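Read the structure below first, then the notes.
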Amino acid sequence: MKAHFSLVTVLCMLLVSVSAFSQTIAEPYQVGTWQGFRASAVTFTFDDGCANQFAIAIPMFDEFGFKLTMFTVTSPTWPDLHWDKLQSAAQNGHEIASHSVTHTNFSSLNDSLQTWELKTCKEDIIAQIPGEQCITHAYPYCAGAKKAIMQQFYEAGRVCSGSIVSKSPSDFYGISSIICGDLGSIKTTDNFITRFNSAIKTKGWCVFLLHGIDGDGGYSPLSSTVLRETLEYINANQNDLWIETFGNVVRYIKERNALSVSELSVQDTTITVQVTDTLNDTIFTYPVTIRRPLPAGWAAATVTQNGKPAAYTIIDTDTTDFVQFDAIPDSGDVVITKNGSTGIKDHHGMALPVPALHVYPNPFNPSTIINFQLPAAEHVTLKVYNILGKEVQTLLNGSLPSGDHSITFNATNLESGVYFCKLEAPNLLVSRKMLLLQ
Ligand SMILES: [Zn+2]
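Residue numbering for the sequence shown follows the numbering used here, beginning at 1130 and increasing consecutively.
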């Protein structure tokens, strides 16, 4: 009887774990725990609209190209509500999300008032911010709302319990954040770095909560110097740290855990892949990073989804070369095309030459030549990074015509070691490993 009971228990546990994870990924594909197969995710959330969030934080994040989340109180009587500033932040890709209408403590509200706060705040934001779906909410005073009500309007809710979030949270309506500033546990750049390192070890997600910055009068102010040093650290460690908004990290996790990747066909020069999920396609449109070893005999490849160029890169590891790409679930077939073939078509149906990036000689000392092809005239950047992901040299930053290009990389002043050159254009991302032997 006892043995029977424990078998039932085990079966129940299996069922629970299966339902939490419905990923089906065909061999030999791999899905990144985080975008770009990075080791951890980092999100900066800002509450209440304190003055220096607009005057200092948003311009600083824009300088780095990083995105943040503004948890916004939407009552017209809220003194720090500035729709014009929020609209321009949203245009730069920042998330504008809900922090309720009246910033009241939900533990004292009945169900209908909780519903009104959550529903109205979302409606206010959608009405004011073009393109914003408002899928996340931060509880005022960190006091959670009823989950059944939250589920009607939001994909996730943020609390303030001070821990790093698991890569697959058990409760999306209780996502922990870490309070920064004078009254929080994060006051210095080293405090941030310590949390990054723990997140990297566990493949977790750091969500930081900020209010005031410097002397703007906001709660628990953080120094803008610390904020800048921390963003510089993230910028130099982008191989490990993925910085994104709260809502987009939620999208990524839910898509990743509901993802199906299957190979529809393998031919001499093309592989067709289907990437789907079981989620609502109007909300879950964030690209998920997937990779596959290059087939034998393929030096490189290019990737399209639904006939349009996808972001991709060729990754050299010691044992395997991968083609790694970003695909939006349920947005059309992904086609991986062997480099040098002519299978790619642009959206007018014209055949495009395949972008390639070659480095020769490699290993090199002290200079080498980087050759690449552009399928079309593009604004491109070609930069060299060290193994820590820190940019060491910009070789190109400007518009180039289509066709073949070559540029010499002189590494006289650099130390021996592994470097990466990365060619980026709006629809193109190719990187190559280079070995400098001084
Ligand atoms: Zn607040």
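Cβ coordinates follow ideal geometry from the N, Cα and C atoms, glycine included.
Just so it is clear, the structure is predicted and the values come from calculations on it, not from any experiment.
Which same chain residues, not among the five before or five after Val1547, have their C-beta less than 7 Å away from its C-beta?
Same-chain partners within the cutoff: Ile1516, Lys1562 and Leu1564.
Could you tell me whether any non-hydrogen atom of ligand 1 is closer than 7 Å to the CB of Pro1269?
At a cut-off of 7 Å, the beta-carbon of Pro1269 counts as near ligand 1: some heavy atom of the ligand is closer than that.
For a minimum of 4 consecutive residues, which ranges assigned as the alpha helix (DSSP H) are wholly contained in the region 1337 to 1420?
Listed in chain order, the complete alpha helix (DSSP H) runs (minimum 4 residues) inside the region 1337 to 1420 are 1353 to 1365 and 1375 to 1386.
Among residues of its own chain, excluding the 5 on either side of Thr1111, which ones have a beta-carbon nearer than 6 Å to its beta-carbon?
Residue 1111 lies beyond the stretch modelled for the chain, which goes from 1130 to 1567, so this question has no answer here.
Per the DSSP calculation, Ile1501 is bridged to which residue(s)?
Note on identity: in this sequence residue 1501 is Phe, with Ile being the wrong assignment. Residue pairing by DSSP places Phe1501 opposite Leu1486 and His1534 in a beta bridge.
Here's the rule I'm using: 16 or more other beta-carbon atoms within 10 Å means buried, otherwise exposed. How should Lys1383 be labelled?
Buried is the label assigned to Lys1383, since at least 16 other Cβ atoms lie within 10 Å of its Cβ.
Sort Ile1465, Val1160, Phe1549 and Leu1511 by Cα distance to Pro1492 and report the nearest one.
The residue with the shortest Cα to Cα distance from Pro1492 is Phe1549.
Run the proximity test for Asp1410: is its beta-carbon closer than 7 Å to any non-hydrogen atom belonging to ligand 1?
Not so, every heavy atom of ligand 1 lies at least 7 Å from the Cβ.
Beta-carbon proximity of Arg1287 to Ala1256, cut-off 8 Å
Not closer than 8 Å, so no.
Under 7 Å: does the beta carbon of His1232 sit that close to some heavy atom of ligand 1?
Distances between the C-beta of His1232 and the heavy atoms of ligand 1 include at least one below 7 Å.
Applying the criterion that 16 or more other CB atoms from any shown protein chain within 10 Å of the CB defines a buried residue, is Glu1553 buried or exposed?
Sixteen is the threshold: when 16 or more other Cβ atoms of the shown chains lie within 10 Å of the Cβ of Glu1553, as they do, the residue is buried.
Reference Ser1306, options Asp1319, Gly1333, Ile1315 and Leu1338, closest by Cα:
Of the listed residues, the one whose Cα sits closest to Ser1306 is Leu1338.
Among the candidates Gly1333, Leu1312 and Cys1250, whose CA atom is the shortest distance from the CA of Ser1169?
The shortest C-alpha separation from Ser1169 is found at Gly1333.
To the nearest angstrom, how far is it from the Cα of Thr1471 to the Cα of Thr1398?
Model confidence at Thr1471 stands at a pLDDT of 39, short of 50, so the residue's coordinates are unreliable and nothing is read from them.
For Lys1519, which residues from the same chain have a beta carbon less than 6 Å from its beta carbon, with the 5 sequence-adjacent residues on both sides left out?
Only Ala1365 meet the Cβ criterion.
Whole-number beta carbon distance between Phe1538 and Val1513, since they are thought to touch under 8 Å
That belief holds up - the Cβ atoms of Val1513 and Phe1538 are roughly 6 Å apart, short of 8 Å.
Do the region 1494 to 1501 and the region 1437 to 1451 touch if we need at least three Cβ pairs shorter than 8 Å?
Too few Cβ pairs lie closer than 8 Å, so no.
Contact check, Ala1430 vs Thr1466 under 8 Å by CB: the rounded distance?
Yes, Ala1430 and Thr1466 are in contact; Cβ-Cβ is about 6 Å, under 8 Å.
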